[in-house]
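Notes to accompany the following structure.
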Amino acid sequence: MTTPSTLPAAPGPTPAPAPAAVPAPLPRRRRRAPKAPSALLSRAGVTALLALATLYTLLPLTWLLLSSTKSRADLFGTNGFAPGREMHLAENLEQLITADGGVYLRWILNTVAYAGVGALLAAVFGVAAGYAFDKLAFPGKERLFSLVLLGVMVPGTALAIPLFLLAAEAGLVNTFWSVFLPGLVFPFGVYLARVFSASHVPDEVLEAARMDGASEFRAFRTIAFPMLAPGFVTIFLFQFTQIWNSFFLPLVMLSDQDLYPVNLGLYVWYSSALSQGHPEDYLLAVVGSLVAVAPLIAVFLMLQRFWKSGMTAGAVK
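With numbering that gives the first Met the number 0, letter number 142 in the sequence shown gets 141, and the count goes up by one each step, no holes.
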């Protein structure tokens, strides 16, 4: 018995592949609502902080102004921020000027000499040194500038005793020069002047001046220095304020009251009121403090436009 032969199946159409499984859609993530700005960073918070800072700054000056208008009885018998029963400012100023033979005016003149002339010369030296460190090439420049930066980090009070010993060796103790000469050195001014020179004085302008035959000093005096005027004013303001408020160095150097700056003289009056029982000296110290603040405010108001132009000079570059 024969078995039928197995015939191959006729070729048919190729079956289509099964469709791939489509992944289920992921759940939508909810967008987080933007965080509200912190109360400290909001406009109202910043305004409130600035208002507190302004109040903190003006409160001592307000107390000083109100106390200077009072009589001695009102000064100790009324609230510090309340006006006196009568206005005594003119009388207090007259007593201030005539006290101890007019020594207060001498203190003011001494302080103007220490701070005004000293800060002016310190600003000139600082601008010249900063320009030299920036534009001139000389051996050991960066090492010398590192010493300048080291001088910036050392507080002035830490140098008072070494300066006293040097002045004693030179025979300058209890003289005008013992307070005036240290004010001519201002390391931070040198650093600031180098920064201003790098950003405000183009090298191309100096090269053109040198090609025209200008000396280094003439290029600095006629070209670089006018460009550095905002930096000069800034350095002058910083050093003027620092010398005007200086206390410890004159305290160490001076024993002659005719050479005192105004801060040291006011301290003598205040100490006399506390230790020797002279309440009139306390009122003199209060009124004298108000008068001593006035030159600082006047100098800043007169020179602030130069300072602002220097601070914003790079904003439109």
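Beta carbons: idealized from backbone N, C-alpha and C, even for Gly. What you are looking at is a predicted structure, and each value in this text was computed from that prediction instead of being measured.
Exercise. Taking C-beta to C-beta, are Pro-260 and Trp-106 nearer than 8 Å?
Worked result: yes
Exercise. Is it the case that the CB of Leu-164 approaches a heavy atom of the ligand NAP more closely than 7 Å?
Worked result: The ligand NAP is not among the ligands present in this structure, which contains no ligands whatsoever.
Problem set entry | DSSP three-state assignment for Ser-245, whether helix, strand or coil | coil
For this session: Determine, using beta carbons only, whether Leu-146 comes closer than 8 Å to chain D.
Result: The chain inventory of the structure shown lacks chain D, comprising one protein chain alone.
Exercise. Less than 8 Å separating the beta-carbons of Pro-59 and Thr-68?
Worked result: no
Exercise. What residue from Trp-268, Met-86, Arg-209, Arg-193 has the CA that sits closest to Phe-231's CA?
Worked result: Arg-193
Exercise. Using the C-alpha atoms, what's the distance from Leu-64 back to Leu-57?
Worked result: 10 Å
For this session: Kindly indicate which residue of Leu-283, Phe-179, Asp-255 has the alpha-carbon position closest to the one of Trp-243.
Result: Phe-179
Problem set entry | Backbone CA spacing between Thr-97 and Val-286 [nearest angstrom] | 13 Å
Exercise. What span of residues does the alpha helix (DSSP H) with Gln-94 cover, start to end?
Worked result: 88-97
For this session: State whether the segment 185-192 contacts the segment 123-133, with contact taken as three or more CB pairs (one from each stretch) at a distance under 8 Å.
Result: yes
Exercise. Roughly how many whole angstroms lie between the Cα atoms of Gly-212 and Ala-297?
Worked result: 42 Å
Exercise. With distances taken from CA atoms, which of Gly-182, Ala-157, Tyr-103 is nearest Leu-92?
Worked result: Tyr-103
Exercise. Should Phe-137 go down as buried or exposed, given a rule of 16 or more other Cβ atoms within 10 Å for buried?
Worked result: exposed
Exercise. Do you know whose CA, among Gln-275, Leu-265, Phe-299, lies nearest Leu-283's CA?
Worked result: Leu-265
For this session: Go ahead and label Asp-280 buried or exposed: buried means 16 or more other beta carbons lie within 10 angstroms of its beta carbon, across all protein chains shown.
Result: buried
For this session: Using beta-carbon positions only, say whether Asp-73 and Asn-173 come within less than 8 Å of one another.
Result: no
Exercise. With a Cβ-Cβ cutoff of 8 Å, do Val-251 and Ala-112 count as a contact?
Worked result: no
Problem set entry | Contact under 8 Å by Cβ, Arg-209 with Ala-218 | yes
Problem set entry | Within 8 Å, strictly: CB atoms of Asp-133 and Ser-196 | yes
Exercise. Is the CB-CB distance between Gln-238 and Ala-121 below 8 Å?
Worked result: yes
Exercise. What residue from Leu-108, Gly-170, Trp-62 has the CA that sits closest to Phe-80's CA?
Worked result: Trp-62
For this session: Name the two residues that bound the continuous alpha helix (DSSP H) containing Ser-254.
Result: Taken as a continuous stretch (DSSP letters only), Ser-254 belongs to no alpha helix (DSSP H), as it is neither H nor E.
For this session: Could you say which of Ala-50, Gln-303, Leu-51, Gly-117 lies nearest to Trp-176 if we only look at CA atoms?
Result: Gly-117
Problem set entry | Three-state secondary structure assigned by DSSP to Thr-68 | coil
Exercise. Cα-Cα, which of Asp-99, Leu-49, Ser-41 is closest to Ser-268?
Worked result: Reading off the sequence, residue 268 comes out as Trp, not Ser. For the residues Asp-99, Leu-49, Ser-41, the minimum Cα distance to Trp-268 belongs to Asp-99.
Problem set entry | Best match in Tyr-130, Leu-143, Leu-171 for proximity to Leu-258 [C-alpha to C-alpha] | Leu-171
Exercise. If we count the other Cβ atoms within 10 Å of its Cβ and call it buried at 16 or more, is Ala-169 buried or exposed?
Worked result: exposed
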